[in-house]
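**Q** Sequence order for the protein chains is A and B. Just so you know, we're using the numbering used here here: the first sequence kicks off at 229 and counts up by one. Just so you know, we're using the numbering used here here: the second sequence kicks off at 1054 and counts up by one. Using N, Cα and C, we set each Cβ at its ideal position, and we do this for glycine too. Every value quoted in this text rests on a predicted model; they were computed, and no experiment measured them.
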Amino acid sequence: MLDDFMVRAALAGIGVSFAAAPLGCFVVWRRMAYFGDATAHAAILGVALSLAFSMSIFVGTMTVALLMALVVNMLSGRGYAMDTLLGVLAHSALAFGLVAVSFISGVRIDLMAYLFGDILAVSRADLLVIWAGAALVVALVGWRWPDLLTSTLNEDLAYASGINPKREQLVLTIALAITVAAAIKVVGVLLIAAMLIIPAAAARPLSRTPEGMAVAAGLIGMLSVIIGLRAAYVLDTPAGPSIVCIAAITFLATSILRGFRHKP
Amino acid sequence: MSLIQIEGLSVRYGARTVLSDVSLRVEPGEIVTIVGPNGSGKTSLLRVIIGAVKPVKGRVMHGNGVKIGYVPQRLQIDATLPITVSRFLKLPGGVATADINQSLTQAGVPDLAKAQLSKLSGGQLQRVLLARALIGKPDLLLLDEATQGLDQRGSASFYQQIETVRQNTGCAVLMISHELHVVMSASDRVICLNGHICCEGTPVVVASAPEYRALFGSGTGGALALYRHEHNHDHDHTKAAE
């Protein structure tokens, strides 16, 4: 079964959706969309470094994504508006990454594969990395869930309950870096944030509890992967972007549904 | 034995000293109100007590087995986060549904358990936060400007609720308030804070202290007298409205 590249592609996409669902909910709730972008864009720099030092792409991108996320964490609240700071970091990381890749001589790399993903070229080894990464993220976020939720609602309430919100922020940062590294092959650095945010946002009108929203986001992500891949096959369109398009259409649909029901 | 005892507390954010050498204690069952201008370190003081801020000097001692309930200034619920009141009260975990219903009743909002948090009015949300603080059966309630954003009647009725809670549970209350008029009469003791403790004592003593007048204007002594009249009026008005 795994010999079929479409099956491998679907499994890779579903693995990423699982990790992205609970994490994406926190990205939406905590208004970290730009934060996700900055972390993902930095990953292209990780690709360049991995190639230069012949490391595994997963380790390289995860390290750079993690460093980026920690830098953003550190710089926040030091005088710049957060969206400006993240805008500067996200796009300069991407630009430096692209420049760095061009310096690597002797290796012909398909830049498009890293920018937009190459889900149809997922190997068995990639599949293993993606599912291991996804399992790690789901386990991490699941383990910290109540504390993460309390910190997201109000930091002082978290302190009063004996929770350190800074530690929980770090947990999310690490989970984000792992997700970026796992998702780069599937949707590429430019669309990773879309896989985080769009299914979660589409799930919002359907949910009454935080847990319900995470599960709904996972299902929507999974459905987007399956339908998106099928559409890409039939219409001969790029696979990664097709998946994101289906997620976006789902978002539109659930938003309209909410409009009809006149309640969120 | 005091519920909490704070000794020689100093707090600094970077180069800015917000609190210096603050000492105070809260005894069982009393209502203590902290008043002071903006930036006087009131919120920092409460945040030190809950452990959100580390002091550079001094210490906070909690009495043996003293439980603290904390009501934050306000809660901004992102509309993208779906959560019911009862789920919110259960966080971070291990609270029985019966305890949740009891604390909601104590806070005066028994019917809100299934409501979505983001749909509550300002007054309802403050009461839900109060319910959350009451769940652990605290010996001391900390309130940080809990009536911010409520209108005069809303805040008067909120403070009445606090008074009722104290009568029913015997817990002490340490609160911050801007609304000198309302809280001065409801407090056993008032602490006037401006980076350090300017003066403290019963409401009447504090209102006539020169330090307090220097901070809140020379007319304030008169205002308290005026306020008493105002308060009676308000009270009657509220009663009539009920």
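What residues in the segment 1134–1148 of chain B have a beta carbon less than 8 Å from any beta carbon of chain A?
**A** Those would be L1134, P1135, I1136, T1137, R1140, F1141, L1144, P1145, G1146, in chain order.
**Q** By alpha-carbon positions, which one of V1181/B, A1132/B, M1054/B, R1100/B ends up nearest to T1063/B?
**A** Looking at the sequence itself, residue 1063/B is Ser, so the reference to Thr does not match. Checking every option, the nearest Cα to that of S1063/B belongs to R1100/B.
**Q** In chain B, which residues lie less than 7 Å from T378/A when you measure between Cβ atoms?
**A** The contacting residues are L1144, P1145.
**Q** M423/A: buried (16+ other C-beta within 10 angstroms of its C-beta) or exposed?
**A** Burial call: buried.
**Q** Thinking S1156/B and I1188/B are a contact (beta carbons under 8 Å), I'd like their distance in whole angstroms, please.
**A** Going by Cβ atoms, the distance from S1156/B to I1188/B rounds to 5 Å, so yes, they are a contact pair.
**Q** Keeping to the same chain, check which residues put their C-beta closer than 7 Å to that of A237/A; ignore five residues upstream and five downstream.
**A** Closer than 7 Å at the Cβ level, and outside the excluded window around A237/A, lie I347, L348, V350, L457, A467.
**Q** With a CB to CB cut of under 6 Å and the five nearest residues on each side skipped, what residues in its chain are close to D375/A?
**A** Closer than 6 Å at Cβ, skipping near neighbours: I391, E396.
**Q** Considering just the uninterrupted stretch of the alpha helix (DSSP H) at G1122/B, what are its terminal residues?
**A** Unbroken run through G1122/B is the beta strand (DSSP E), 1121–1124; no alpha helix (DSSP H).
**Q** Return the residues of the segment 1089–1115 of chain B that lie within a Cβ-Cβ distance of less than 7 Å from chain D, sorted by chain order.
**A** The structure shown contains no chain D; its protein chains are A and B.
**Q** Quick check: is the beta carbon of M441/A nearer than 8 Å to any beta carbon in chain B?
**A** Judged by the 8 Å Cβ criterion, M441/A is in contact with chain B.
**Q** Out of curiosity, what's the CA-to-CA distance linking A211/A and A297/A?
**A** In the structure displayed, chain A extends from 229 to 492; residue 211/A sits before or after that span and is not available.
**Q** Per the DSSP calculation, R1065/B is bridged to which residue(s)?
**A** DSSP, once it has assigned bridges, lists T1070/B as partnering R1065/B.
**Q** Whole-angstrom Cβ separation of I402/A and L294/A, contact assumed at under 8 Å?
**A** Indeed they touch by this definition, with Cβ atoms about 7 Å apart.
**Q** Cβ closer than 9 Å: which chain B residues qualify as neighbours of S483/A?
**A** Within chain B, no residue comes near S483/A; the closest Cβ sits about 12 Å away, beyond 9 Å.
**Q** Please confirm if L385/A has its CB atom under 8 Å from at least one CB of chain B.
**A** Closer than 8 Å: yes.
**Q** So, is R432/A buried or exposed, given that buried needs 16 or more other C-beta atoms within 10 angstroms?
**A** Result: buried.
**Q** Below 8 Å, how does it come out for the segment 1241–1249 of chain B and the segment 1195–1213 of chain B: are there three or more Cβ pairs, yes or no?
**A** Too few Cβ pairs lie closer than 8 Å, so no.
**Q** Establish whether the CB of V1257/B and some CB of chain A are separated by less than 8 Å.
**A** False, the Cβ-Cβ gap to chain A never drops below 8 Å.
**Q** Report buried or exposed for L251/A, applying the criterion of at least 16 other Cβ atoms within 10 angstroms of its Cβ.
**A** Buried, by the Cβ-count rule.
**Q** With 16 other CB atoms within 10 Å as the buried threshold, where does T1096/B fall?
**A** So T1096/B ends up on the buried side.
**Q** Sorry if obvious, but does the Cβ on A360/A come closer than 7 Å to a heavy atom of the ligand MG?
**A** Because no ligand of any kind appears in the structure shown, any question about the ligand MG cannot be addressed here.
**Q** By DSSP, does D1164/B sit in helix, in strand, or in coil?
**A** Note: D1164/B maps to coil in three-state DSSP.
**Q** List, in chain order, every chain B residue whose beta-carbon is nearer than 9 Å to that of V256/A.
**A** Neighbours of V256/A on chain B, chain order: D1131, T1133, L1134.
**Q** Between S245/A and chain B, is there a C-beta pair that is closer than 8 Å?
**A** Output row for S245/A: interface = no.
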